[in-house]
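Heads up, the working numbering is the position in the sequence shown plus 440, with the first residue counted as 1. Here a beta-carbon is modelled for each residue, glycine too, at the ideal position from N, C-alpha and C. Report on one structure; see the data block that follows.
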Amino acid sequence: MSTSSNLSAADIAERVRAAVKDGRIKADESDSWTDLLSENPNHADLLEQLAAVPGLNDEPTNLSAVSVPSYTNMSAGDYRQHLPASAPKLFDAGDLPLTTASGLDVDLLRQVPWQARPAVARAKTYAEAHELVTKYSGELGQIQADFDAVSGGDLFGDVMDYENRIEEWGTWEATDAEARQLTGGPSDLMKKQMAQFAEVNKSRKNQGNPGDFFPYDTDPLNVFSKRHGNYQRFGGK
Numbered sequence: 441m442s443t444s445s446n447l448s449a450a451d452i453a454e455r456v457r458a459a460v461k462d463g464r465i466k467a468d469e470s471d472s473w474t475d476l477l478s479e480n481p482n483h484a485d486l487l488e489q490l491a492a493v494p495g496l497n498d499e500p501t502n503l504s505a506v507s508v509p510s511y512t513n514m515s516a517g518d519y520r521q522h523l524p525a526s527a528p529k530l531f532d533a534g535d536l537p538l539t540t541a542s543g544l545d546v547d548l549l550r551q552v553p554w555q556a557r558p559a560v561a562r563a564k565t566y567a568e569a570h571e572l573v574t575k576y577s578g579e580l581g582q583i584q585a586d587f588d589a590v591s592g593g594d595l596f597g598d599v600m601d602y603e604n605r606i607e608e609w610g611t612w613e614a615t616d617a618e619a620r621q622l623t624g625g626p627s628d629l630m631k632k633q634m635a636q637f638a639e640v641n642k643s644r645k646n647q648g649n650p651g652d653f654f655p656y657d658t659d660p661l662n663v664f665s666k667r668h669g670n671y672q673r674f675g676g677k
């Protein structure tokens, strides 16, 4: 076989097929690795050094949105597969849950600010859920939710849970240097994620003008920012 500094098309194809067979790269990465080796044959050494991952080309399993394993010896595609693609939503199913504990119509959660939605969805009885919807509906309800979302308030735990998941989602950014060393540079997906997180930070650091809460059919991300233990509301229109 030719040396890594002088690879023919046949040599490259053979190396890529072997890497897929051994589980060192995913099958759908074949074309990108072929292009990479064609442009820079020296990357053949990296391809050979990648550790085999049993079952790498089997059907993928679902991963937690913030499940980020060690990147040691990962192929570029396997690394990208484990990165969270978008910011966490308020519920596992999205901004609204699939159902509520009390049986209350999920659509009624749209009447309350996002800070109160987990509490309403979690309420065990219809009467309790209805009482919370009444408490947090309308203009006064938004003010009440804002008040209850600060430290010591009834909604503080839910707000902090969401805040912490946002922070965890953002921790992948610290691994970018390792990703560059592994892949030779950030992927298009990673660049998109970097832009997303940069926008999150920009929105949360921007003092702006206090305004309404976010429209109920949008992601609650970027709405609040922690300021000396308090939460600053931002315009959501």
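With contact defined as three or more Cβ pairs closer than 8 Å, the stretch 576 to 595 and the stretch 538 to 554 are in contact. Under the DSSP definition of a beta bridge, residue 534 partners with 531. Under the 10 Å beta carbon count, residue 450 is surrounded by fewer than 16 other beta carbons and is classified as exposed. Excluding residues up to 5 positions away in sequence, 531, 546, 561 lie with their Cβ nearer than 7 Å to the Cβ of residue 537 in the same chain.
The beta carbon of residue 568 lies closer than 8 Å to those of 542 in the same chain, with the five residues before and after it left out. Taking C-beta atoms as the reference points, residue 559 and residue 572 count as a pair closer than 8 Å.
Classified as buried, residue 544 has 16 or more neighbouring CB atoms from the shown chains inside 10 Å of its CB.
In this structure, residue 453 keeps its C-beta atom at 8 Å or more from the C-beta atom of residue 460. Bounds of the alpha helix (DSSP H) holding residue 570 are 566 to 576. For the pair residue 447 and residue 477, the CB atoms are nearer than the 8 Å cut-off. Around the beta carbon of residue 455, a 10 Å sphere encloses 16 or more other beta carbons of the protein chains shown; the residue is thus reported as buried. Judged by beta-carbon spacing, residue 563 lies beyond the 8 Å limit of residue 576, meaning their Cβ atoms are not closer than that value.
By the neighbour-count definition (other C-beta atoms within 10 Å, threshold 16), residue 463 is a buried residue.
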